[in-house]
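Taken in order, these protein sequences are the chains called X and Z. According to this note's numbering, the first sequence is numbered sequentially starting from 100. According to this note's numbering, the second sequence is numbered sequentially starting from 779. Report on the structure given below.
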Amino acid sequence: MGLTGIQIFKLLPKTNCGECGVPTCLAFAMNLASGKAELESCPYVSEEAKEKLAAESAPPIRPVTIGTGDYAVKVGGETVLFRHEKTFVNQPGLAALVSTDEDAASVDGKIERFKAAQFERVGLNLRAEMFAVKDASGDAGKFSALAKKMADTGASLILISDNAEAMKAAATELKDKKPLIYAASAANADAFGALAVESGCPLAVKGDGSLESVIGLTEKLSGMGVKDIVIDTGTRDLKKAFEEQIFIRRAALKDRFRPLGFPTIIMANEMADDLMNESLVAATFIAKYGGLIVMSDFQPHSLFPLFLDRLNIYTDPQRPMTAEQGIYEINNPDENSPVLITCNFSLTYFIVSSEIEASRVPAYLLVQDTEGLSVMTAWAAGKFSGESVGTFFNKCGIKDKIKHKSLVIPGYAAGISGELEEEVPGYNVVVGPREASQIAKFLKSWKPE
Amino acid sequence: MAFQPTKQIYSGKIREVTLGVGDKAVTVGGKTAYSFHSFEGEMPNPPRVAMEIWDKDPSADWSETAKAPFAGVLSDPVAWAKKCVDEYGAEILVVQTKSADPNADNKSAAEVAAVVKKVADAVDVPIIVWGVASHEKDTEVMKAVAEQCSGKRLALSPVEEGDYKQIGAACLGYKHVVVSSSPIDVNLAKQLNILLGNLGVKEQDIVIDPTTGGLGYGLEYTYSVIERIQQAALTQEDDKLQQPMICNVGNEVWKSKEANLSAEDAPELGDPAKRGVLMEAITAIDLLIAGADVVILRHPEAIKLVKGFIAKMM
Chain X
100 MGLTGIQIFK
110 LLPKTNCGEC
120 GVPTCLAFAM
130 NLASGKAELE
140 SCPYVSEEAK
150 EKLAAESAPP
160 IRPVTIGTGD
170 YAVKVGGETV
180 LFRHEKTFVN
190 QPGLAALVST
200 DEDAASVDGK
210 IERFKAAQFE
220 RVGLNLRAEM
230 FAVKDASGDA
240 GKFSALAKKM
250 ADTGASLILI
260 SDNAEAMKAA
270 ATELKDKKPL
280 IYAASAANAD
290 AFGALAVESG
300 CPLAVKGDGS
310 LESVIGLTEK
320 LSGMGVKDIV
330 IDTGTRDLKK
340 AFEEQIFIRR
350 AALKDRFRPL
360 GFPTIIMANE
370 MADDLMNESL
380 VAATFIAKYG
390 GLIVMSDFQP
400 HSLFPLFLDR
410 LNIYTDPQRP
420 MTAEQGIYEI
430 NNPDENSPVL
440 ITCNFSLTYF
450 IVSSEIEASR
460 VPAYLLVQDT
470 EGLSVMTAWA
480 AGKFSGESVG
490 TFFNKCGIKD
500 KIKHKSLVIP
510 GYAAGISGEL
520 EEEVPGYNVV
530 VGPREASQIA
540 KFLKSWKPE
Chain Z
779 MAFQPTKQIY
789 SGKIREVTLG
799 VGDKAVTVGG
809 KTAYSFHSFE
819 GEMPNPPRVA
829 MEIWDKDPSA
839 DWSETAKAPF
849 AGVLSDPVAW
859 AKKCVDEYGA
869 EILVVQTKSA
879 DPNADNKSAA
889 EVAAVVKKVA
899 DAVDVPIIVW
909 GVASHEKDTE
919 VMKAVAEQCS
929 GKRLALSPVE
939 EGDYKQIGAA
949 CLGYKHVVVS
959 SSPIDVNLAK
969 QLNILLGNLG
979 VKEQDIVIDP
989 TTGGLGYGLE
999 YTYSVIERIQ
1009 QAALTQEDDK
1019 LQQPMICNVG
1029 NEVWKSKEAN
1039 LSAEDAPELG
1049 DPAKRGVLME
1059 AITAIDLLIA
1069 GADVVILRHP
1079 EAIKLVKGFI
1089 AKMM
């Protein structure tokens, strides 16, 4: 729980100098307590007070990074219960399980699919980031060797073993890669906590299916100096796990309850019998507060929908996704193919381009930067005007690609056609359909001149 | 000391709305907490999965994956409806009146209504009729449907600001349920319900359609508007939003390119059948988690997965 204004006041210089912008230290303390002021505004605050206050003002859910480099996964750091309140920030990491008792061909297949399942969308590369490496027999050599092999893919790792010796060998060897050590339980918390401190690796705790057991573990480990913690409550029942994720998020955000202020891990592979149902478990906890999600396998038919899901849920509601401005060639167009122009709101782009693609008519789609606004909104805001569309058309280079003199604008922007004609002399401005669903019909019945 | 989880305080309740009549009538809504939050409130009626059929042969539009479970019945809406109920266990049936689309087949309202009537007579589960979102055409079709299916307590959709007077009146006159449809906006959803109320439509006869975006195509907008409507209804006592919600999921998801790409066209996307089914099921469970009370689905495998999910979460 945060400090009260009075508690903060005791840490301040009490000089009432007013340099922070409010007349008294008490008023400043009250503002700090309610989050309305920043400590930096006080030039005279002591180092000791800074440290104390920083600890209190730390993010309610600790951001934890697993792995290093391109595939590092940062989870936690969330500040809201519902994405519309602000936004969710750190997408859950997706992992596939490999085990020391799994045959090499199976492991290699997973590596191959991990590398292949990368998809381009709205300028982002959608892909999985992690492998969970499981020690099936307590054989330290085997475990380290498999972990090393998986680390060589670049993926971030979750090391799974309850054998302290095997874990120590693997974590020590790979400590520079910052794998997640999974997991400290009531039985081995001392040894695993010491290993986490020594190796500097993040540590998962595994409860016995109760939040009390988790709290006991995180308090103990925090006391040992372990900072980067990930929570597995131990629950494998879908309904109960859903309930716990909500309680954990609420405790961290609403009550500032530190022992639960950590990201979580969901073992979807232990919560369903097949990959289809595991995928639904994963989707459930992409929506409701999972930090890391482990599945039994990577298959593109499951990863692709989960990537889209993760992208959708973690999109900032205040900042629309946009497509890049430019010329998009669809169905291999040539110099006689029609040219259509639209805005760069990603949904508009997706829908218009897929309608053109479905029509099988070769065409150029010009996407103009409207700052993510849809056609009607952009038009109303003056960002899709005759002048701006004309300037874009003249400069984008499409004129060198076509022989005809026609340009199709969206039906909803019909109002700009007069002004646009003045901007593109010699070109024939055609008003296209209002709805994307009519594009195929339009393209099949109309030819550029 | 035992950990005391923070509970959400609720002050409102979602109204119950009954679809259909007789033994197979289905009641939705009634919850006093966010969906699946049974640790802090009641969810007396589980969310439902409705199954869609088209009133025209969709063979030209549907991928092999979507067609396969309905081989042999796609051109016969009555046989298709029976297959859904008898073989796939549909508890609610949705007739998408695609043949009425003025930009395609443009069948007359009388023809469309006659087919809906035949379907409604052939099965005993509740029927939802989903139009083509053309105000003029939907008005004609829904009026004819409402009259011919009088007494069956259908749900007619979408009822929008531009046609609520006509279709709302038809629902009032022939005792059907209104699906109040607005474009992903809390205030517009509320406003249309106020207008329907002024028209005389009773609260127990309104279901909200917040407008559905499929996975990768605006799902996040629908997800958040449902959460916001549900919050307003349950925690801010917003009386006009305390209605159950329905999402036309299958129709949206299966429209997308990625749900339909074949293995030859997109080997990198893996098994096309499983991919399409998962895209549909994941969209559905996200919207159910957000707070939807009815999801309309297409593929029997997706339906099975989503029903399994609901059963585990109740």
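Yeah, the Cβ is synthetic: ideal placement off N, Cα and C, and Gly gets one too.
**Start-end ranges of the alpha helix (DSSP H) lying completely within the segment 1006–1085 of chain Z, minimum 4 residues** = 1027–1031, 1035–1038, 1050–1068
Are there 16 or more other CB atoms within 10 angstroms of the CB of R1053 (chain Z), so buried, or fewer, so exposed? Residue numbering aside, residue 1053 (chain Z) sits at position 275 when the second sequence is read from its first letter. Buried, by the Cβ-count rule.
Quiz item: Name the chain X residues whose beta carbon is nearer than 9 Å to that of G1048 (chain Z)?
Solution: As a working note, residue 1048 (chain Z) is residue 270 in the second sequence. Correct list: R212, A216, Q398, P399, H400, S401, L402, F403.
Quick one: does T414 (chain X) have its CB under 9 Å from some CB of chain Z?
For this step, residue 414 (chain X) is matched to residue 315 along the first sequence. With 9 Å as the cut-off, T414 (chain X) counts as an interface residue toward chain Z.
Exercise for review: Could you tell me if P822 (chain Z) is buried or exposed, where buried requires 16 or more neighbouring beta carbons within 10 angstroms of its beta carbon?
Suggested key: As a position in the second sequence, residue 822 (chain Z) is number 44, starting the count at 1. Result: exposed.
**OP:** Take every Cβ of the segment 402–410 of chain X, pair it with every Cβ of the segment 262–274 of chain X, and state whether three or more of those distances are shorter than 8 Å.
**Re:** no
Subject >> Three-state secondary structure assigned by DSSP to D372 (chain X) >> reply: The sequence position of residue 372 (chain X) within the first sequence is 273, counting from 1. It is coil, neither helix nor strand.
query = Based on the DSSP secondary-structure assignment, which residues constitute the bridge partners of L316 (chain X)?
reply = Translated into positions along the first sequence, residue 316 (chain X) becomes position 217. The partner list for L316 (chain X) (beta bridge, DSSP) is empty, contrary to what the question assumes.
Residues that Y281 (chain X) bridges to, as DSSP identifies them: Position 182 of the first sequence, counted from the start, is the residue given in the question as residue 281 (chain X). For Y281 (chain X), which the question treats as bridged, DSSP gives the partners X:I259.
message = Out of Z:P961, Z:A1041, Z:E981, which one is the CA nearest neighbour of I1004 (chain Z)?
response = Taking the second sequence and counting its residues from 1, the one referred to as residue 1004 (chain Z) is at position 226. For I1004 (chain Z), the nearest C-alpha among the options comes from Z:P961.
Give the interface partners of E771 (chain Z) over in chain X, defined as CB-CB distance under 8 Å, in chain order. The structure shown does not extend to residue 771 (chain Z), since chain Z is modelled only from 779 to 1092, so the question has no answer here.
Q) So, is Y511 (chain X) buried or exposed, given that buried needs 16 or more other C-beta atoms within 10 angstroms? A) Numbered from 1 along the first sequence, position 412 holds the residue referred to as residue 511 (chain X). Buried: at least 16 other Cβ atoms inside 10 Å.
**Request:** Below 8 Å on the Cβ atoms is my guess for K233 (chain X) versus L196 (chain X); work out the distance and round it to an integer in Å.
**Result:** Position 134 of the first sequence holds residue 233 (chain X). Position 97 of the first sequence holds residue 196 (chain X). Contact holds; Cβ gap of about 6 Å.
| message | By the 7 Å beta-carbon criterion, what residues does the segment 783–811 of chain Z contribute toward chain X? | response | P783, T784
| query | Which residues, in chain order, does the segment 988–1017 of chain Z contribute to contact with chain X at a C-beta distance below 9 Å? | reply | G991, L993, G994, Y995, G996, L997, E998, Y999, Y1001, S1002, V1003, E1005, R1006, Q1009
Worksheet item: Got a sec? Which residues, its chain only, sit under 7 Å from A422 (chain X) by beta carbon, not counting five neighbours each side?
Response: Here residue 422 (chain X) refers to the residue found at position 323 when the first sequence is read from its first residue. For A422 (chain X), where only same-chain residues beyond five positions count, the Cβ hits under 7 Å are V221, N443, S445, Y448, V466.
**Asked** Looking at H1077 (chain Z) and A780 (chain Z), is the spacing between their C-beta atoms short of 9 Å?
**Response** Along the second sequence, read from residue 1 onward, the residue named residue 780 (chain Z) stands at position 2. Along the second sequence, read from residue 1 onward, the residue named residue 1077 (chain Z) stands at position 299. No. Outside cutoff.
inquiry  = Can you pull the chain Z neighbours of S550 (chain X), defined as C-beta to C-beta under 8 Å?
reply    = The question about residue 550 (chain X) has no answer here: the residues shown for chain X are numbered 100 through 548.
Worksheet entry | Nearest residue (CA-CA) to V188 (chain X), options X:G240, X:P362, X:E428, X:D499 | If you number the first sequence from 1, residue 188 (chain X) lands on position 89. Of X:G240, X:P362, X:E428, X:D499, the residue nearest in Cα terms is X:P362.
May I have a chain-ordered list of the beta strand (DSSP E) segments no shorter than 3 residues that lie completely inside the segment 330–413 of chain X?
364–366, 391–394
| query | Grouping DSSP H, G and I as helix and E and B as strand, with all else coil, what is E272 (chain X)? | reply | Looking up residue 272 (chain X) in the first sequence gives position 173. Helix at E272 (chain X).
(Q) For E1046 (chain Z) and I984 (chain Z), I'd like the C-alpha separation in whole angstroms. (A) As a position in the second sequence, residue 1046 (chain Z) is number 268, starting the count at 1. As a position in the second sequence, residue 984 (chain Z) is number 206, starting the count at 1. Each residue's alpha carbon lies about 44 Å from the other.
* Asked: Near L90 (chain X), which residues of its chain fall below 8 Å by C-beta distance, leaving aside the five closest residues on each side in sequence?
  -> Absent from the model: residue 90 (chain X). The displayed extent of chain X is 100 to 548, so no value can be given.
For a test of the three-state rule: what should DSSP assign to M420 (chain X), helix, strand or coil?
For the purposes of this step, residue 420 (chain X) is taken as the residue at position 321 of the first sequence. DSSP places M420 (chain X) in coil when its eight states are reduced to three.
* To do: Could you name the residues that DSSP lists as bridge partners for I508 (chain X)?
  => Mapped onto the first sequence, residue 508 (chain X) falls at position 409. BP columns for I508 (chain X) point to X:V530.
* Asked: Can you give the beta carbon distance from I306 (chain X) to L316 (chain X), rounded, assuming they're within the 8 Å contact cut?
  -> Residue mapping note: residue 306 (chain X) aligns to position 207 of the first sequence, counting from 1. Residue mapping note: residue 316 (chain X) aligns to position 217 of the first sequence, counting from 1. In the sequence as presented, Ile is not what sits at residue 306 (chain X); that position holds Gly. Indeed, because the Cβ distance is near 7 Å, the residues count as touching under 8 Å.
inquiry  = Could you tell me the alpha carbon to alpha carbon distance between G991 (chain Z) and E1036 (chain Z), rounded to whole angstroms?
reply    = Counting from 1 along the second sequence, the entry for residue 991 (chain Z) is found at position 213. Counting from 1 along the second sequence, the entry for residue 1036 (chain Z) is found at position 258. C-alpha separation (whole angstroms): 14 Å.
For F572 (chain X) and I515 (chain X), which I take to be in contact (beta-carbon distance under 8 Å), what is that distance rounded to the nearest angstrom? In the structure as shown, chain X starts at 100 and stops at 548, and residue 572 (chain X) therefore has no counterpart that could be examined.
How many angstroms separate the CA atom of A811 (chain Z) from the CA atom of A947 (chain Z)?
-> As a working note, residue 811 (chain Z) is residue 33 in the second sequence. As a working note, residue 947 (chain Z) is residue 169 in the second sequence. The alpha-carbon atoms of A811 (chain Z) and A947 (chain Z) are separated by roughly 32 Å.
Q) At a CB-CB cut-off below 9 Å, which residues of chain X make contact with A1059 (chain Z)? A) In the second sequence, residue 1059 (chain Z) corresponds to position 281, counting from 1. Ordered by position in chain X, the residues that pass the 9 Å Cβ test against A1059 (chain Z) are M375, S378, L379, A382, P404.
Look up C442 (chain X) in the DSSP assignment and give the residues it is bridged to. Residue numbering aside, residue 442 (chain X) sits at position 343 when the first sequence is read from its first letter. Its beta-bridge partners are X:Q467.
Could you work out which residues of chain X lie near L1056 (chain Z), taking near to mean beta carbons separated by less than 7 Å?
Locating residue 1056 (chain Z) in the second sequence gives position 278, where the first residue counts as 1. Here the neighbours are M375, S378, H400, S401, P404.
Span separating the alpha-carbon of K739 (chain Z) from that of D1017 (chain Z)
Any question about residue 739 (chain Z) goes unanswered here, given that chain Z covers just 779 to 1092.
For D207 (chain X), count the other beta carbons within 10 Å of its own beta carbon; 16 or more makes it buried, fewer makes it exposed. Which is it? For the purposes of this step, residue 207 (chain X) is identified with residue 108 of the first sequence, where counting begins at 1. Flag for D207 (chain X) reads exposed.
Kindly identify the DSSP beta-bridge partner or partners of F781 (chain Z). Numbered from 1 along the second sequence, position 3 holds the residue referred to as residue 781 (chain Z). According to DSSP, which records beta bridges pairwise, F781 (chain Z) is partnered with nothing at all.
Endpoints, the alpha helix (DSSP H) within which M249 (chain X) is located
Here residue 249 (chain X) refers to the residue found at position 150 when the first sequence is read from its first residue. It spans 239–250 - the alpha helix (DSSP H) in which M249 (chain X) sits, taken as one unbroken run.
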